[in-house]
Amino acid sequence: MPCGDGLHVTRCFRVHVTEKRNMADVDAAKALGGLLSGIAQRVYHNNEASIAAADMDPAQLEAFLTAQTRRQGGGGVTAEQAAALSRFWKGQRVRVRESLLAQSRWEPGLRGLSWRVDLQTAASRGGADHGGPVALVELELGRAGQDSDFVCLEFDELKVNQLLKKMADVQESVDRIAPRT
Amino acid sequence: MLLHFTKDVLPDSVSTDFQNLNKLNEQQFPRLIEILFQFLLEPKETERFMQLLGEFAGEHGMSAGPLKNLMKSVLLVPQGALRKNLTAEQIKEDLVTLGLSEDKAAHFSQQWGQHYAALSRLAVGQTLMVNQLVDMEWKFGVTVGTSEIQKVGNIFLQLKLVVKKGISTENVYMELTLPQFYNFLHEMERAKASMECFS
């Protein structure tokens with residue numbers, strides 16, 4: 001089943017784990033753990049442009065682990081292993097995804113942002129005694145493993161409001177695509 | 001009036017404000033300067049600065065409004081000095097030129113010297129050329145979409161800032177995650193609130 005979109009990562013596949021009644025619970029859990037660990041290791045350390053992503057649906061993982069736990073009647077060892085496995089995979093999944101995302105970025109990321117407000121000396125601006133306040137905003141940009149570039153921007157009150165208006169438009173679009181709960 | 005910290009012609013009110021500073025006594029002036037430097041060292045804390053000025057005014061039987069206006073004049077000096085990397089001596093000369101008494105100017109410049117290292121580390125735009133934002137364009141990038149639940153985590157914001165550097169314009173590109181975008185937005189809202197305190 002195809003997944004992902006065309007913009008960045010090229011391939012991804014799902015790992016389907018089927019319950020095998022003749023497999024001991026511990027062995028099944030270990031095999032799953034081994035499989036997931038191996039995949040996670042490979043993906044995490046893979047530096048090639050074309051990346052394969054293993055991604056078990058959380059629902060599938062829970063279903064599998066619940067089934068395994070139920071078979072033992074909620075026995076201690078299996079339940080603990082199930083919980084540990086679940087935590088492990090959830091943790092690994094974030095690392096895998098972050099690694100993929102970091103490797104698929106085309107533009108520098110925003111590493112830092114600082115600002116201060118200066119007062120203008122020129123009386124000609126705005127007609128006020130001291131002129132208007134000006135915000136100096138410094139953006140720190142950089143890609144993984146590279147030194148940062150700094151861009152310093154100056155905003156008077158009008159420009160700050162214009163930027164905030166644009167950012168409100170962005171927020172509106174985000175809300176349409178992915179409504180906040 | 002020849003000043004180090006600015007080439008602009010200052011309105012007369014600035015000189016008047018500095019001369020008014022001379023009326024503060026030996027306890028009041030250092031305290032006011034302390035409040036000033038506290039703000040310079042934490043420039044985002046505009047509301048706290050205003051609050052402390054209000055308290056100072058109350059404690060010493062002054063009106064808060066005129067005191068705040070006075071401090072806006074005083075702020076011009078260290079802000080200009082940061083942009084131009086002035087020495088303590090140069091600041092002292094400017095303060096005296098503006099009408100501040102010798103001993104008060106000496107105290108101010110001594111504080112400047114003491115805090116200068118910390119101030120220059122913080123100073124935004126001190127060593128860089130300051131540019132104007134002409135336009136901002138944006139679009140979304142989506143990666144590794146696996147399910148509906150993952151959508152928010154996989155959205156990237158790609159921003160293009162059109163920046164005017166001197167006479168030419170340049171495009172600055174960046175990618176933000178949604179949390180980074182919200183942080184950026186939050187900081188810009190804080191900057192706006194800060195500007196409103198001063199306008």
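Going down the list, the sequences are from chains A and B.
Each residue of the first sequence is one higher than the one before, starting from 1 at the first, in the UniProt record's numbering.
Each residue of the second sequence is one higher than the one before, starting from 1 at the first, in the UniProt record's numbering.
Quick reminder that beta carbons are idealized off the backbone N, C-alpha and C, glycines included.
In chain A, what lies closer than 8 Å to residue i by C-beta?
i	result
residue 200 of chain B	Outside the modelled stretch of chain B, which goes from 1 to 199, sits residue 200 of chain B, for which no answer is possible.
B/Q180	G109 and L110
B/P66	Neighbours of B/P66 on chain A: none; closest Cβ ~12 Å, over 8 Å.
B/T46	V117
What in chain B is Cβ-close to residue i, meaning under 8 Å?
i	result
A/K166	M136 and W138
A/A63	Within 8 Å Cβ-Cβ: nothing; A/A63 doesn't reach chain B, min ~15 Å.
A/L163	L133, M136 and M188
A/T66	Those within 8 Å of A/T66 in chain B number zero; the least Cβ separation is about 18 Å.
Quick check on the burial criterion: 16 or more other C-beta atoms within 10 angstroms. Buried or exposed for residue i?
i	result
B/Q111	buried
A/Q146	exposed
A/E138	buried
B/A193	exposed
B/V124	buried
B/G80	buried
residue 202 of chain B	The question about residue 202 of chain B has no answer here: the residues shown for chain B are numbered 1 through 199.
A/N22	With a pLDDT of 43 at A/N22, under the threshold of 50, the predicted position of this residue should be treated as unreliable, though the coordinate-derived value follows. Classification for A/N22: exposed.
B/T46	buried
B/K7	exposed
B/Y173	exposed
A/V170	buried
B/N154	buried
A/S148	exposed
B/P179	exposed
A/W89	buried
B/E196	exposed
A/I177	exposed
B/E170	exposed
List, in chain order, every chain A residue whose beta-carbon is nearer than 9 Å to that of residue i.
i	result
B/E175	R105, W106, E107, P108, G109 and L110
B/F184	L110, L113, L139 and M167
B/Q132	L153, E154, F155 and K159
B/E187	L113, S114, W115 and V137
B/K163	Looking at the sequence provided, one finds Val at residue 163 of chain B rather than Lys. Here the neighbours are V151 and L153.
B/Q158	W106 and E107
B/T169	Neighbours of B/T169 on chain A: none; closest Cβ ~13 Å, over 9 Å.
Using the beta-carbon of each residue, which ones in chain B are nearer than 9 Å to residue i?
i	result
A/G132	M195, F198 and S199
For residue i, list the residues DSSP reports as bridge partners.
i	result
B/E137	B/K160
residue 221 of chain B	Not covered by the structure: residue 221 of chain B. The range shown for chain B is 1 to 199.
A/T133	What sits at residue 133 of chain A in the sequence shown is Pro, not Thr. In DSSP, A/P133 forms a bridge with A/L119.
A/S114	A/E138
B/N171	B/V162
B/I155	B/V142
B/T46	DSSP lists no partner for B/T46.
A/D149	A/L141
B/L176	B/L157
Write down the C-beta distance between residue i and residue j rounded to the nearest angstrom, noting that I regard them as a contact closer than 8 Å.
i	j	result
residue 182 of chain A	A/L85	Not covered by the structure: residue 182 of chain A. The range shown for chain A is 1 to 181.
B/F184	A/L110	7 Å
So which residues on chain A does residue i lean against when the C-beta distance must stay under 7 Å?
i	result
B/P78	None at all; the shortest Cβ gap to chain A is about 10 Å.
B/T6	T121
B/K84	Here the premise fails: no neighbours, minimum Cβ distance about 12 Å.
B/V172	V151
#### Entry: Every unbroken alpha helix (DSSP H) inside the stretch 75-104 of chain B [4 residues or more]
Fully enclosed alpha helix (DSSP H) runs of 4 or longer: 88-98.
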